[in-house]
Every structure is written in structure tokens, then in C-alpha cells.
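The block underneath contains the structure these notes are about, expressed in C-alpha cells.
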């Protein structure tokens, strides 16, 4: 329908996650070409590395699968497959956020008379609303993320390093059938928790530390993303105050979720709690991001996004306070917008866990 309404002859979908969304085939092609070609008046095809064509079919793709070898000019193979359909496209839709300049210029060489338009916003809109099949996969991914946080808490002991705890988490997830995490697992301790995107290392856990876990898994192509901060031994009064402030801010945003609320309003209701507690300058990022096939996808929940929430949207809510002289705390949940409000997918307790 989108192609017909906009006079588009050919849509070239090249982001691996969007290829998966349209075809069911998941791959990381690296420098090799992977694309779905969708037409207004012809059957679609996938072009993939020839060695992966059997996997394309095994994933359930019933259309044509075109393979290319490393010695081929893959774009000439694309052009031939299009010509076989009797089509010379005059208007082509591409993913502007993904198709690099070299590849775009190659397509222009093949079709010098064609005009080009963006496909990104349409694909974002399609993926933005999850159906029940997608939600079931996201629920399972969240359940596994909850389990992983529990593993991390049980592994905490004085003298263990962040990387030792991280390794134990990922080993246990492999035993649960998780082939890979949705991003690099984060285990931070002490003042390292004040770095929102810190790197786990050989720092040893000590009594009095806050320990921050940020992790997620991929389950049948869909991602989870959870953050919990726990205490090893008794925290100071100010550490407790920071934690309780973040917890209130996170819950305020969760409670505000319902269809029709603007993304920017969620950011504001959470940020206001932190600002009123005197920590506003230490909340240094947006409230959250969309979640699905990609661990970070549309929409972005920030203070300028006027987009209204719709039933079926899935995103994270993850306020934080990052005080470099004291500690960092972040609490993150994965949520679904329902007809009447919100379903929280991640369920690990948010009351401050004190590990003795």
C-alpha cells in the first residue's frame, strides 16, 4: 500500500534487523550485501551471501533467494533479478539511515534516471507496534533478563571482579538456551556506577559498594534490556537517598504510561522527581528507547519528542543519577503500552536489594 500511494517501484531494505522483520531471516552479513527487494508490481526477493541461501529458506522465506559469492559484483546480480521481473524502477525507496554513500552511488549508477526517497519512517512505524506473537517473545526475553540479574546478585562476593561476575551471568544464560546477549553485559561497582556506559573490568567488589547490572538477551530475534542497582553491605544514607529518588522517578514514569501520553511527558514526569530531589544535573540522558528486534529502536523517549504513545508500543524506562563523587544508580524496565495503561515485562524487584 505504501509503495502504491507514493509511486514507488522498488524498496531496498538493507538493515539486517529490517530484513529479519520482513523475512524471518537473521544474519550479520558484515561487508557483504544483504537486502530484501520489494516491488509495487512484482514478487519480492532476498539477496544474501550464497553460503547463507539455505538458511534463508530454512527461516521460512518462500520467495526467491538470490545468492552472491565474494568474487561477484552483488549489485549486478540485484540488477539482473530486477530486470528478470521486467522492471526498470523510476522511483526507489532506500533506508537513508543505513545505506552508505558507496552503496547509494552504486545504485544510482545502475538507475541514473531514478529518483530516491526514504523508507526509514515507514519501517519504524511498522515495527513500532508489536503484535501478540512479538510480545510473547519479548516477555520471554524479559523473563530471562530477570533471571540473569538474579544470577548476578548471587555471584556477588568480596574480592570478586566485575568481569568474574559478568562471566558467570553469561555462562548461566548459555545454559538457559540464550545464544547471545542483546548488547555487551555491564557489571559496574563502586564509583564506576557513575558512568552510564562504563566498561566492566578487574575492579574487585568491596563492602559498601553499589553494583549496577545492565544486560539483556535475545530470544527468537527479540531483545530485552534491564538495569538494576544493588548494594553489597550497608549503603550510606546518601546512597540510599539517591537510590530511592531513582526508584520514585522510574515508577512515576511507569505509572504515567497510557495511550495518548506524549513521550516528552514521560521524560518530564521522571526528570522532575530527580530535579526536585536536587540531583537534576546528574541525570544526563533521555528516559528510554524503543525495544524489539533491535535493543535500541524507535521511538526515543526524550524531552522534545511530541509523539503520542499507542497501544502495542514497547520501550524502556531507565532514569538514573550519576554522581561522580558518590555513586551511580539506574533502574530500567521494559514496558508495553496497553489499551488502559501499561504492562511491565521486567519483574525483578526494585526495592533496594542489600547483599550481605
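In the numbering used here, the protein residues as written are 1 to 356.
The C-beta atom is built at its ideal place from N, Cα and C for all residues, glycine as well.
One thing to note: residue 325 has its Cβ no nearer than 8 Å to the Cβ of residue 346.
Secondary structure in the region 165 to 190: the beta strand (DSSP E) runs of 3 residues or longer, each lying completely within the stretch, are 186 to 189 in chain order.
Bridge partners of residue 273 according to DSSP: none are assigned. Cα atoms of residue 268 and residue 230: separation of roughly 26 Å, rounded to the nearest angstrom. Distances from the CA of residue 323 to each of 195, 262, 215 and 220 were compared; the closest alpha carbon is that of 195. Relative to residue 51, the option among 60, 43, 29 and 45 whose CA is nearest is 29. Bridge partners of residue 355 according to DSSP: 232. In its chain, beyond the 5 residues on either side, 166, 169, 170 and 215 have a beta carbon closer than 7 Å to the beta carbon of residue 185. Short of 7 Å from the beta carbon of residue 61, and not among the five residues preceding or following it, lie these beta carbons of its own chain, in chain order: 23, 24, 25 and 46.
Rounded to the nearest angstrom, the Cβ distance from residue 161 to residue 204 is 6 Å, consistent with a contact under 8 Å. Rounded to whole angstroms, the Cβ separation of residue 39 and residue 94 is 14 Å, and the two are not in contact under 8 Å. Taken through DSSP and simplified to helix, strand or coil, residue 302 comes out as coil.
When only Cα atoms are considered, residue 250 and residue 228 end up about 12 Å apart.
The beta carbon of residue 115 is closer than 8 Å to those of 90, 91 and 92 in its chain, skipping five residues each way along the sequence. Under the three-state reduction of DSSP, residue 156 is assigned to coil, being neither helix nor strand. Distance from the CA atom of residue 217 to the CA atom of residue 264, rounded to whole angstroms, is 28 Å. When rounded, the separation of the alpha-carbon atoms in residue 68 and residue 121 is 29 Å. Contact check for residue 117 against residue 6 passes: the beta carbons are separated by less than 8 Å. Annotation for residue 321: the continuous beta strand (DSSP E) segment containing it runs 320 to 323.
The bridge partners DSSP lists for residue 117 are 93. Taking C-alpha positions only, residue 155 is separated from residue 314 by approximately 30 Å.
Judged by beta-carbon spacing, residue 328 lies within the 8 Å limit of residue 212, meaning their Cβ atoms are closer than that value. Apart from the 5 residues on each side of it in sequence, residue 339 sits with its Cβ closer than 6 Å to the Cβ of 311 in its chain, given in chain order. Bridge pairing for residue 222: 219 [DSSP]. Counting the other CB atoms within 10 Å of its CB gives residue 49 a total of 16 or more, which places it among the buried residues.
With respect to residue 350, residue 321 sits apart: the two C-beta atoms are not nearer than 8 Å. Beta-bridge analysis with DSSP links residue 64 to 45. Contact check for residue 243 against residue 144 fails: the beta carbons are separated by 8 Å or more.
Here residue 18 is buried, its C-beta having at least 16 other C-beta atoms within 10 Å.
Taking the Cα of residue 199 as reference, the smallest distance to any Cα among 187, 82, 139 and 102 is reached at 187.
Residues of the same chain with a CB within less than 6 Å of the CB of residue 208, apart from the 5 flanking positions on each side, are 233 in chain order.
A direct Cα-to-Cα measurement between residue 257 and residue 337 gives close to 7 Å. According to the DSSP assignment, residue 17 belongs to no beta strand (DSSP E) but to the alpha helix (DSSP H) extending over 16 to 23.
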